[in-house]
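Under full-length UniProt numbering, the final residue of the sequence shown carries the number 306; numbering is consecutive throughout.
For each residue, glycine too, the CB sits at the ideal point set by N, CA and C.
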Amino acid sequence: MSDSTGGRHSRRSRDSGDPHDQRGAGTPRGDRRSRNSSSASDSRTPGTRTPRTVAGDGAALVHRQLGPTPVKVVLAIVAVLLLVTGGYAYSAIGRLDSNINQAGGLNLGDQKDGATDILLVGIDSRTDAKGNPLSQEQIDMLRAGEADTTSTDTMILIRIPNDGSSATAVSLPRDSYVDGGDELGNTKLNGVYGGTKFMKKDELEQEAAAEGREPDEKSIDEKSTQAGREALIHSVGNLTGITVDHYAEVGLLGFQMLTDAVGGVDVCLNNPVDEPLSGANFPAGRQTLDGQDALSFVRQRHDLPR
């Protein structure tokens, strides 16, 4: 995490920015934890998420429907990093501290518009918080498959007024068309980060070749990632008219770790789920998903009702 997302479906090209079409089928699953399978006596509405309390009585982290999109990536960030202040969750944050990477140098605002604006991003990267590639074992565990893009499929802008009034959060549609600059032109919002990063990396590699030196891959990755973040922040600012003051992103591994840190996610399903592209395979009824299963759950899309 950085602080500064088979069968009959065809694979799309890299330009589609759609990581879901490039996943491998789910790996064999272990025993899933289950709590009290659904019954007629269950008073909770199937298909919704049960608020989970981890910071003491009444401290429910999330009261939001559990839908089929990767928005839970951001909900996990908000819940763990912004809303929870003590108890078990505080100790969980401490255990995650070594996996949080702080990146400076972004062109951020200074709250002069009367509010603190935070851009939260869920990204489909196959790297850890330090930018190191995940091992094959980790990729298999996450059921992430392979991808040659870096898409920001979850973007939420949180605005916290300086006068103490209520904060608001707006989910930015991933398929919104924005001005991606001279190189990208009119492009989807979720492709700005990855597209800019790819072009910056190519530019730096060509520069190294022209100078007759071996490219410093780590430095190139850091600089191209920074360029991607700055481009996304700029595009979000142009789209919303808001200056982003803080930025946070979480990748696939970070999501899994955050979910496990808060003890999993309680869900209640109307119907069983079996979507091989994401590896989502769940029975109907109430159950607790660990980080691995929760990641599969939020990444499912193709076999959902239209």
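Query                                                                                                                                                              : Result
Report all residues from its chain with a CB closer than 8 Å to the CB of Asn162; omit the five preceding and five following residues, and keep chain order.       : Gln111, Gly114, Ala115 and Thr116
Which same chain residues, not among the five before or five after Tyr193, have their C-beta less than 8 Å away from its C-beta?                                   : Val121, Ile123, Thr150, Ser151, Thr152, Gly228, Arg229, Ala231 and Leu232
State yes or no: is the C-beta of Asp182 nearer than 8 Å to some heavy atom of the ligand NAD?                                                                     : The ligand NAD is not among the ligands present in this structure, which contains no ligands whatsoever.
Do Thr189 and Met155 have their CB atoms nearer than 9 Å?                                                                                                          : Per the sequence shown, residue 189 should be read as Leu rather than Thr. Yes, the pair counts as a contact, with Cβ atoms nearer than the cut-off.
If I follow the unbroken beta strand (DSSP E) through Thr150, where does it start and stop?                                                                        : Taken as a continuous stretch (DSSP letters only), Thr150 belongs to no beta strand (DSSP E), as it is neither H nor E.
At what residue ranges does the segment 164-195 contain a whole run of the alpha helix (DSSP H), taking only runs of 4 or more?                                    : 181-184
Would you check if the distance between the CB atom of Gly251 and the CB atom of Thr288 is smaller than 9 Å?                                                       : no
Using a Cβ-Cβ cut-off of 8 Å (strictly less than) and excluding sequence neighbours within five positions of Asp175, which residues of its own chain qualify?      : Lys188, Leu189 and Asn190
Enumerated in chain order, which unbroken segments of the beta strand (DSSP E) with a length of 3 residues or greater are wholly contained in the segment 189-242? : none
State the beta-bridge partners of residue 350 as determined by DSSP.                                                                                               : This structure cannot speak to residue 350, because the chain is shown only from 1 to 306.
Would you please verify whether the beta carbon of Lys112 is less than 9 Å from any beta carbon of chain C?                                                        : Note that chain C does not occur in the displayed structure, where there is just one protein chain.
Considering only DSSP beta bridges, list what Ala280 is partnered with.                                                                                            : Glu275
Any idea what DSSP makes of Ala129, helix, strand or coil?                                                                                                         : coil
When we look at the beta-carbon of Phe297 and count the other beta-carbons within 10 Å, is it buried (16 or more) or exposed?                                      : buried
Could you spell out where the beta strand (DSSP E) holding Val267 opens and where it closes?                                                                       : Val265 to Leu269
Leaving out the 5 sequence neighbours to the left and right, which residues in its chain are closer than 6 Å to Ile242 when beta-carbon positions are compared?    : Asp117
Note the first and the last residue of the continuous alpha helix (DSSP H) segment covering Val250.                                                                : That residue, Val250, is in no alpha helix (DSSP H); its beta strand (DSSP E) goes His246 to Val250.
For the beta strand (DSSP E) holding Gly285, just list the boundary residues, first then last.                                                                     : Gly285 to Leu289
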